[in-house]
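Please read the structure below before turning to the comments.
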Amino acid sequence: MSKYFITALLLVAFINNVHAQFGISHEIGIVTGPTNFKSDYGESGDIRSAIGNIGYGVGFVHYLNFSDVHNSSVTIFQSYLKDHFKLRSEISYQAVTFQHYGKYVSDDKQSTFAKQLRAMRGSTEITNLGMQIEYYPLSIEDFGNMPNSFTPYISVGGQYSFYKPEIYSTLGKLNTSLTTPEKYSNGALSNEDDTVWSIVGSVGARYKLNTVSDLMVDLRAQYYFSDYVDGMRPDPIIYTENKSNDWNIWFTVGYIFYLGY
């Protein structure tokens, strides 16, 4: 597993230990599920690209839950905040493999360009470290006391991501006229590890199993402030179909356990 993932896990463990000194209740959990990466591989809008370029992800999450913190000096506004918001920290790892799909690489296309595209392969590994604010429209405290109940939420936050792309061709070494289309020459391809900031937003729901554990589902969109996360960046001025930065959609299911104070 990525060395960045292990380092980030140790860092978050330290931060959460500091938070524990303030008497706020804690929750920990694990989430996993498929991720669909919106990259420069494949034809935009093609269902085969959406299905073919699906990877997987796993994450460890920690929540700061303020709903059980009782203080006579808390204002009505503060009372609302603590009963409807949680702070989520997370370490996650995602791995995706890539291939070109769509009409430009269909079997009936026998041009050099089509053959080069069909031969291109890629992958990327991403380790994310970040935080989100989750908003629950229903009372968090009421949900905590009601087994077999549901509660929805929405969230927004930021991630610092470490990515490791890899690109190759089954025809041979890249960046030659034999293997690489002109579109992907002149610095458009990179196998260099790097870091990038990203923003995330999600919608989800929890199901209360009992007083100390929940099941959850979460659908997240993550936008990276780079177009090199997949290792590929054709000139966006010439190839406007590839002008957008990379982003992905990640659907997860998870198990959350309440640690208490």
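With the first letter of the sequence shown counted as 1, position 94 gets the number 93 in numbering that gives the first Met the number 0; the numbers rise by one all the way through. Positions of the beta carbon are idealized from the N, C-alpha and C atoms, including for glycine.
Checklist entry - Out of curiosity, what's the CA-to-CA distance linking residue 279 and residue 187? => result What the structure shows of the chain is the stretch from 0 to 260, and residue 279 is not part of that stretch, so it cannot be assessed.
Next on the checklist: Using only CA atoms, which one of 106, 257, 107 and 47 lies nearest to residue 98?
Outcome noted: Along the sequence shown, one-based indexing puts residue 98 at 99. If we check each option's Cα against that of residue 98, 47 comes out closest.
Checklist entry - How would you call residue 164, buried or exposed, if buried means at least 16 neighbouring beta carbons within 10 angstroms? => result For the purposes of this step, residue 164 is taken as the residue at position 165 of the sequence shown. It is buried - the Cβ of residue 164 has at least 16 other Cβ atoms within 10 Å.
Item to check | Cα-Cα separation between residue 255 and residue 135, rounded to whole angstroms | outcome: Numbered from 1 along the sequence shown, position 256 holds the residue referred to as residue 255. Numbered from 1 along the sequence shown, position 136 holds the residue referred to as residue 135. The straight-line gap from Cα to Cα measures roughly 16 Å.
Item to check | residue 101 in three-state terms, based on DSSP | outcome: Along the sequence shown, one-based indexing puts residue 101 at 102. Three-state result, residue 101: coil.
Checklist entry - If residue 214 sits next to residue 203, beta carbons under 8 Å apart, how far is it from one beta carbon to the other, in whole angstroms? => result Residue numbering aside, residue 214 sits at position 215 when the sequence shown is read from its first letter. Residue numbering aside, residue 203 sits at position 204 when the sequence shown is read from its first letter. In fact, because the Cβ distance is near 11 Å, the residues do not count as touching under 8 Å.
Checklist entry - In whole angstroms, what separates the C-alpha of residue 220 from that of residue 139? => result Counted from its first residue, the sequence shown places residue 220 at position 221. Counted from its first residue, the sequence shown places residue 139 at position 140. Straight-line Cα distance between these residues: approximately 24 Å.
Checklist entry - Could you give the distance in angstroms between the alpha-carbon of residue 209 and the alpha-carbon of residue 105? => result As a working note, residue 209 is residue 210 in the sequence shown. As a working note, residue 105 is residue 106 in the sequence shown. C-alpha separation (whole angstroms): 52 Å.
Next on the checklist: When you compare the stretch 176 to 185 with the stretch 230 to 248, are there three or more beta-carbon pairs, one atom per stretch, that lie closer than 8 Å?
Outcome noted: yes
Checklist entry - Is residue 95 near residue 251, with beta carbons less than 8 Å apart? => result For the purposes of this step, residue 95 is identified with residue 96 of the sequence shown, where counting begins at 1. For the purposes of this step, residue 251 is identified with residue 252 of the sequence shown, where counting begins at 1. Contact flag unset, no.
Checklist entry - What runs of the beta strand (DSSP E), each 3 residues or longer, lie entirely inside the stretch 154 to 232? => result 193 to 209 and 212 to 223
Next on the checklist: Applying the 10 Å Cβ sphere with the 16-neighbour rule, what's the burial state of residue 247?
Outcome noted: The residue you call residue 247 lines up with position 248 of the sequence shown. The residue is buried, with at least 16 neighbouring Cβ atoms inside 10 Å.
Checklist entry - Distance, Cα to Cα, residue 197 vs residue 211? => result If you number the sequence shown from 1, residue 197 lands on position 198. If you number the sequence shown from 1, residue 211 lands on position 212. If you take the alpha carbons of residue 197 and residue 211, they lie about 32 Å apart.
Checklist entry - Any contact of the stretch 73 to 93 with the stretch 52 to 65, i.e. 3+ C-beta pairs under 8 Å? => result yes
Next on the checklist: Can you list, in chain order, the residues of its chain with a C-beta nearer than 8 Å to that of residue 172? Leave out the 5 residues immediately preceding and following it.
Outcome noted: Numbered from 1 along the sequence shown, position 173 holds the residue referred to as residue 172. 178.
Checklist entry - Shortest alpha-carbon distance to residue 145 belongs to which of 207, 115, 130 and 239? => result As a first step, residue 145 is located in the sequence shown; it is residue number 146 there, counting from the start. Checking every option, the nearest Cα to that of residue 145 belongs to 207.
Next on the checklist: Rounded to whole angstroms, what is the Cα-Cα separation between residue 82 and residue 103?
Outcome noted: By one-based count along the sequence shown, residue 82 stands at place 83. By one-based count along the sequence shown, residue 103 stands at place 104. Roughly 53 Å between the two C-alpha positions.
Next on the checklist: Spatial neighbours of residue 127 within its chain, please: C-beta separation below 6 Å, excluding the five flanking residues on both sides.
Outcome noted: As a position in the sequence shown, residue 127 is number 128, starting the count at 1. Same-chain partners within the cutoff: 91, 158 and 160.
Next on the checklist: Going residue by residue through the stretch 80 to 153, where are the continuous beta strand (DSSP E) segments of at least 3 residues, counting only ones entirely within it?
Outcome noted: 84 to 98 and 119 to 134
Checklist entry - residue 41 by DSSP, collapsed to three states: which one? => result Residue 41 sits at position 42 when you count from the first residue of the sequence shown. Residue 41 falls in the coil class under three-state DSSP.
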